[in-house]
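Asker:
Protein chains: 2
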Amino acid sequence: MSFEQLETPVPLVDVDVMARNLDTMQAYADQHQLQLRPHTKTHKSVHVGREQMRRGAAGLTCATPHEATVMQQASDDLLVAYPLVGHAKLDRLFSVRDDVALRVQLDNAEAIDQLYAAAVRHDRAVAVTVEFDAGMHRVGVPSLDDAIALAHMVRANPPLEFSGIAFYPGHIREPVTSQDASLERLRHKVSEAVQAFTEAGLPPAIVSGGSTPTMWRSHEITGITEIRPGTYVYNDRTTAEIGACKWDDCAFTVLATVVSTSVKGQAVIDAGTKSLGREPIRGASGEGWGALLDRPEVIVARMSEEHGMLDLTATDWRPRVGELVRVVPNHVCIVTHLNDVIFGVFHPCASVVFSRSADPRVV
Amino acid sequence: MSFEQLETPVPLVDVDVMARNLDTMQAYADQHQLQLRPHTKTHKSVHVGREQMRRGAAGLTCATPHEATVMQQASDDLLVAYPLVGHAKLDRLFSVRDDVALRVQLDNAEAIDQLYAAAVRHDRAVAVTVEFDAGMHRVGVPSLDDAIALAHMVRANPPLEFSGIAFYPGHIREPVTSQDASLERLRHKVSEAVQAFTEAGLPPAIVSGGSTPTMWRSHEITGITEIRPGTYVYNDRTTAEIGACKWDDCAFTVLATVVSTSVKGQAVIDAGTKSLGREPIRGASGEGWGALLDRPEVIVARMSEEHGMLDLTATDWRPRVGELVRVVPNHVCIVTHLNDVIFGVFHPCASVVFSRSADPRVV
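Protein chains in written order, with the working numbering: chain G, 17 to 379; chain P, 17 to 379.
(1) Can you confirm whether G156/G, when its beta carbon is compared against all beta carbons of chain P, has any partner nearer than 8 angstroms?
(2) Beta carbon of L292/G, beta carbon of G324/G: below 8 angstroms?
(3) My guess is that I285/P and F213/P are in contact by the Cβ rule of under 8 angstroms, so how many angstroms apart are they, rounded?
(4) Per DSSP, V284/P is paired with what?
(5) If we define contact as Cβ-Cβ less than 8 angstroms, is V337/G a contact residue for chain P?
(6) Pick from A197/P, T58/P, R71/P, T230/P: whose alpha carbon is nearest that of A43/P?
(7) Measuring CA to CA, which of R154/P, Q51/P, P229/P, R244/P is closest to A283/G?
(8) Hey, L166/G and V146/G: beta-carbon distance below 8 angstroms or not?
(9) I'd like to check one pair, P345/P with G306/P: are the Cβ atoms closer than 8 angstroms?
(10) In this structure, what does DSSP give as the bridge partners for E177/P?
(11) Along the alpha helix (DSSP H) that carries C261/G, what are the first and last residues, could you check?
(12) Kindly identify the DSSP beta-bridge partner or partners of T269/P.
(13) Rank T193/G, R201/G, G281/G by C-alpha distance to the C-alpha of T329/G and give the top, closest one.
(14) For L22/G, does the count of other Cβ atoms within 10 angstroms reach 16, so buried, or fall short, so exposed?
(15) Any chance the segment 255 to 267 of chain G sits against the segment 298 to 314 of chain G, with 3 or more Cβ pairs inside 8 angstroms?
(16) Within 10 angstroms of its Cβ, does F178/G collect 16 or more other Cβ (buried), or is it exposed?
(17) Note the first and the last residue of the continuous alpha helix (DSSP H) segment covering L166/G.
(18) Does L22/G have its Cβ less than 8 angstroms from a Cβ in chain P?
(19) Check for me: the alpha helix (DSSP H) holding F213/G runs from which residue to which?
(20) Given a cut-off of 8 angstroms on the beta-carbon distance, is the pair I350/G and E295/G in contact?
(21) When you compare each of R203/P, Q68/P, R113/P to V192/P by their alpha carbons, which one comes out closest?
(22) Using a beta-carbon distance cut-off of less than 9 angstroms, what residues from the segment 274 to 291 of chain P approach chain G?
(23) Given that N124/G touches chain P, what residues does it touch there, using C-beta distances under 9 angstroms?
(24) Out of V275/G, P81/G, P229/G, D356/G, which has the shortest C-alpha to C-alpha gap to R336/G?
(25) Who are the Cβ neighbours of T255/G in its own chain at under 7 angstroms, not counting the five residues just before and after it?
(26) Determine, using beta carbons only, whether E303/P and A79/G come nearer to each other than 8 angstroms.
(27) Output the distance between the C-alpha atoms of P25/P and L218/P, rounded to the nearest integer angstrom.
(28) What's the C-alpha gap between Y250/G and Q49/P?
(29) Residues in its own chain within less than 7 angstroms of V361/P by CB, not counting five upstream and five downstream?
(30) Just to confirm, is the Cβ distance from L94/G to A84/G under 8 angstroms?
(31) So what does D107/P bridge to, in DSSP terms?
(32) Measure the C-alpha to C-alpha separation of P174/G and R137/G and round it to an integer number of angstroms.
(33) Please report the residue range of the alpha helix (DSSP H) in which T56/P lies.
(34) Which residues, taken in chain order from the segment 301 to 321 of chain P, show a beta carbon closer than 7 angstroms to some beta carbon of chain G?
(35) Give me the subset of the segment 216 to 244 of chain G whose CB atoms are less than 8 angstroms from a CB atom of chain P, sorted by chain position.
(36) Using a Cβ-Cβ cut-off of less than 9 angstroms, list which residues of the segment 340 to 365 of chain P approach chain G; keep chain order.
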C-alpha cells in the first residue's frame, strides 16, 4: 500500500502521533486528578473513542444524540453536552442501550421539561449538568440565580438527577498563562458558581469545563473536576498556531494531488472547501485555509469547492502535476465531519481504516 | 408526516420551487439554442439529475470521477470538468459503464498523458475539452498558444478526441448587464479563443462556459455552445443577494430547532458550521452565514460546530425554545456535500427522500 494508490483528497491520521497526543492528555488529567471526558465531535470514531477509554478516560462527550448512539460502542458513560430539544432527538438519546449512563448538559427550562417527559416515557434515569455562561455568550445561563433555579427544577423532577455544573470558555482563544487576566476572570467565575450552588444546597459533584486553548491550565481552575477537550487527539493548524501544541503534534492531514500549475506562482491541489472546510485561524494570526505538513510556509491561499490554490511565493519548491502533498487543516473537527472514512497511517507504510461504525481494518 | 417528526438539523428541498427553477433554466437554454449540461456538484442526487435530463439537458457535468459513477444512473453523457490526475481517479472514471459517453476538461500535458495511458489501459475513447483561463486565474491555460498545443497533443493521441474548449468565468461575481465591461472582456476573450483554435485547424465543436452570476447572459457570448450552471437548481442566499434569482426561488433550506435563548438579543439554533458550512456571501454585501426563509432580516450571525446564533436585533420576533426555523444557506453546494440524505418537501405536507444513490421514496 502506498499513498499513490489512494484516491485523493483523502484524510490521513498518523497513528503514532495520535497515540502520543492521547497519552499526553491522559497523563495531564491523571497528574492533576481531573476526570478526562474527551469530546468525540473531533474524531467521531469508535476506534479512537476506545483508545481514549483504554487510557483511562472517565467517559466520552458527544455533541448530538446520534454521536451518542455511535459512541455507546466505545463507552458506557456518555455526556451529550448540548441542550436536547424535540421528540426525535430525545428518542434517539434514549435508544442508547440501558447499561450506558447518560448525562445531558443544558441551560433552559424548556429543555428540562422535554428531557423529563422523555425520561418518563422511556422510564430511565438521566443525569443533568446545568451550563452557566463563563463569558462566551453562546449558550449557558448568564445569571447564577437562574442557573440555580434550573438545578432545583432538575432535582424536583426524578428520574432527572442533578449532578453538577458545566461551562465552556470558548471566548478565550489564546493559550493563557497563570497570570493572564482572562484566566483569572474564569477562575473567579467558576469559584463563584461553585460557592453559589453550594450555598443553595446544591453542591456540584461535577464541575465540567475545559477548551483547547485553556486545556493545559485546567488544574489552575479551583473546583473543576472534569475536562472535555476534543481537538487534542489530532490537533490542527489553529491549535499549533496558538501554541497549544507543536507542529509535530498535528496527526491529521488531507492527502491531496497537484492537478494544475498553469497559473504562475501557484499550484492547484484537488482539496478545496469540500475537503478542508473554510475555517479561518482564530486566536492567532495566520492566512489561508491550511498549510503543508512538510512545508508549513506553503499555505492554501484560496479555495473553490474542489480546488485549493497553494501560494508558492514563500518557497522555491515548484511541484509538478501529479505530486502528492499533505495539508494540515485549520480546524480538524470540520474535516472529520466531511468524511465517512479516515485512513490511519502507520510507519513505514501500512494503513488502517477508521470509520464511524466499524472496527479499523488494515488495507 | 410533519416537520416536528424530523431530527434537526435537516436539509429540505421545496420540490415545487426546484421544478420551477429546472424549467426556467431549460427554457432559457432552449430559447437560445444552448446545450444545457447542469453541474451536479450542487445536488449530487440521481433523482435531480434525472429531472434535469427529462427536461432536455444534453448531459450532466461532474466535478469528480466519483460523481460520474453516481450520475451514470441519470445520464449516458457525462463531463468531468476537472483535470484528472492519478491512477485511482482515472480508473474510477473508466469504471463508468461502456455506453456512457465520457468527456474530461483539462489544462495541462501531464493530465493528457495520464488520461491517454488510462484510456489505452481501458481501451476506451474519451473526449477532451481544453480549458483556457478566462480571467479567474484558478485553472485554465493562460496562453492560447499553449492551449492550442494541448489540443494538438490530444488530437495526436487517440483514443483521446479533441472536442472543443471550455472556460469558467468565476471571477465575475455579480450579475452583469450587456453593457458591463467584465462581460465585454469575456466576450472578447472567448471570441479570440474560438478564432485562434479555428485558425490553427482546430475549430471547436464545443465551446463550454457559464457560471451562476453570468448565466442569464450566456447567449450574448458569441460562439458559446454549452452552459454548465449548477446552483440554479436550488439557489441560495448568495444567488439571491447578487440578484441572479429571487428570494422565492430559494428551494433549499436547513430546518433547525431553537435550542437556547439564554443570552439576550439572540436565539441559538442547532445548525452551525457542520450543517451550514462557513461560506461568506461573495459579490454582494450581506453579513452572516445564512438567513431565515420566512424572516430574511434574521441572520445566522455567528456559528460554532453545532450552534448557530440568530441575531434578533432587526426583528421583534422572539422565538421560544423548541421552535422550528428554516435557514437559507449562503452556499448550497457545500450544504449538499455535508449531507447523505436530503428531504424533498411537497405541499401540503408529504416529503420524499433524495439520496446520492437511491430513488426517492415518500416517507
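Glycine is no exception: its CB is placed at the ideal position from the N, C-alpha and C atoms. Quick caveat, the model's predicted, so the values are computed rather than measured.
Answerer: Once the coordinates are examined:
(1) By 1-based counting over the first sequence, the position of residue 156/G is 140. Contact with chain P is found for G156/G, since one of that chain's Cβ atoms lies less than 8 angstroms from the residue's Cβ.
(2) Position 276 of the first sequence, counted from the start, is the residue given in the question as residue 292/G. Position 308 of the first sequence, counted from the start, is the residue given in the question as residue 324/G. In this structure, G324/G lies closer than 8 angstroms to L292/G by Cβ.
(3) Translated into positions along the second sequence, residue 285/P becomes position 269. Translated into positions along the second sequence, residue 213/P becomes position 197. About 51 angstroms separates the Cβ atoms of I285/P and F213/P, ruling out a contact at the 8 angstroms cut-off.
(4) The sequence position of residue 284/P within the second sequence is 268, counting from 1. Paired residues: S276/P, M325/P.
(5) By one-based count along the first sequence, residue 337/G stands at place 321. Contact of V337/G with chain P is assigned, a C-beta pair being separated by under 8 angstroms.
(6) Taking the first residue of the second sequence as 1, we reach residue 43/P at position 27. Checking every option, the nearest Cα to that of A43/P belongs to R71/P.
(7) Counting from one through the first sequence, the residue named residue 283/G turns up at place 267. The option with the nearest alpha carbon to A283/G is R154/P.
(8) Mapped onto the first sequence, residue 166/G falls at position 150. Mapped onto the first sequence, residue 146/G falls at position 130. Yes.
(9) Reading the second sequence from its first residue, position 290 is the one you call residue 306/P. Reading the second sequence from its first residue, position 329 is the one you call residue 345/P. It is a contact, given that the beta carbons lie within the stated cut-off.
(10) The residue you call residue 177/P lines up with position 161 of the second sequence. Its beta-bridge partners are A143/P.
(11) As a first step, residue 261/G is located in the first sequence; it is residue number 245 there, counting from the start. Taken as a continuous stretch (DSSP letters only), C261/G belongs to no alpha helix (DSSP H), as it is neither H nor E.
(12) For this step, residue 269/P is matched to residue 253 along the second sequence. Paired residues: L28/P.
(13) Residue numbering aside, residue 329/G sits at position 313 when the first sequence is read from its first letter. Scanning T193/G, R201/G, G281/G for the CA closest to the CA of T329/G turns up G281/G.
(14) Position 6 of the first sequence, counted from the start, is the residue given in the question as residue 22/G. Result: buried.
(15) Segments in contact, yes.
(16) The residue labelled residue 178/G in the question sits at position 162 within the first sequence. Buried, by the Cβ-count rule.
(17) Reading the first sequence from its first residue, position 150 is the one you call residue 166/G. It spans 160 to 171 - the alpha helix (DSSP H) in which L166/G sits, taken as one unbroken run.
(18) One-based indexing of the first sequence puts residue 22/G at position 6. Judged by the 8 angstroms Cβ criterion, L22/G is in contact with chain P.
(19) Taking the first sequence and counting its residues from 1, one reaches residue 213/G at position 197. If you look at F213/G, you'll find it in the alpha helix (DSSP H) that goes 197 to 215.
(20) Position 334 of the first sequence, counted from the start, is the residue given in the question as residue 350/G. Position 279 of the first sequence, counted from the start, is the residue given in the question as residue 295/G. Closer than 8 angstroms, so yes.
(21) The residue labelled residue 192/P in the question sits at position 176 within the second sequence. Nearest option by C-alpha distance: R203/P.
(22) For the segment 274 to 291 of chain P, the set of residues with a beta-carbon nearer than 9 angstroms to any beta-carbon of chain G comprises V274, V275, S276, T277, S278, V279, K280, Q282, V284, D286, T289, K290, in chain order.
(23) What you label residue 124/G is simply residue 108 of the first sequence in a count that begins at 1. Neighbours of N124/G on chain P, chain order: V275, S276, T277, S278, V337.
(24) On the first sequence, residue 336/G is found 320 positions in, with the first residue counted as 1. Of V275/G, P81/G, P229/G, D356/G, the residue nearest in Cα terms is V275/G.
(25) Within the first sequence, the letter at position 239 stands for residue 255/G. Here T255/G has T228, T247, C261 as same chain residues with Cβ atoms under 7 angstroms from its own Cβ, once five neighbours each way along the sequence are excluded.
(26) Taking the second sequence and counting its residues from 1, one reaches residue 303/P at position 287. Taking the first sequence and counting its residues from 1, one reaches residue 79/G at position 63. A79/G is positioned such that its CB atom lies no closer than 8 angstroms to that of E303/P.
(27) The residue labelled residue 25/P in the question sits at position 9 within the second sequence. The residue labelled residue 218/P in the question sits at position 202 within the second sequence. One C-alpha to the other measures close to 51 angstroms.
(28) Here residue 250/G is taken as the residue at index 234 of the first sequence, counted from 1. Here residue 49/P is taken as the residue at index 33 of the second sequence, counted from 1. Cα to Cα, the separation comes out at about 53 angstroms.
(29) Position 345 of the second sequence, counted from the start, is the residue given in the question as residue 361/P. The answer, listed in chain order, is L28, V29, D30, V31, S367.
(30) Position 78 of the first sequence holds residue 94/G. Position 68 of the first sequence holds residue 84/G. Between L94/G and A84/G, the gap from beta carbon to beta carbon is short of 8 angstroms.
(31) In the second sequence, counting from the first residue as 1, residue 107/P sits at position 91. Residue pairing by DSSP places D107/P in no beta bridge whatsoever.
(32) Taking the first sequence and counting its residues from 1, the one referred to as residue 174/G is at position 158. Taking the first sequence and counting its residues from 1, the one referred to as residue 137/G is at position 121. So the alpha carbons of these two residues sit roughly 12 angstroms apart.
(33) What you label residue 56/P is simply residue 40 of the second sequence in a count that begins at 1. That residue, T56/P, is in no alpha helix (DSSP H); it is neither H nor E in DSSP.
(34) Listed by position, the residues of the segment 301 to 321 of chain P near chain G (Cβ gap below 7 angstroms) are S320, E321.
(35) Within the segment 216 to 244 of chain G, no residue qualifies.
(36) If the cut-off is 9 angstroms between Cβ atoms, the segment 340 to 365 of chain P has L340, H347, C349, I350, H353, L354, D356 near chain G.
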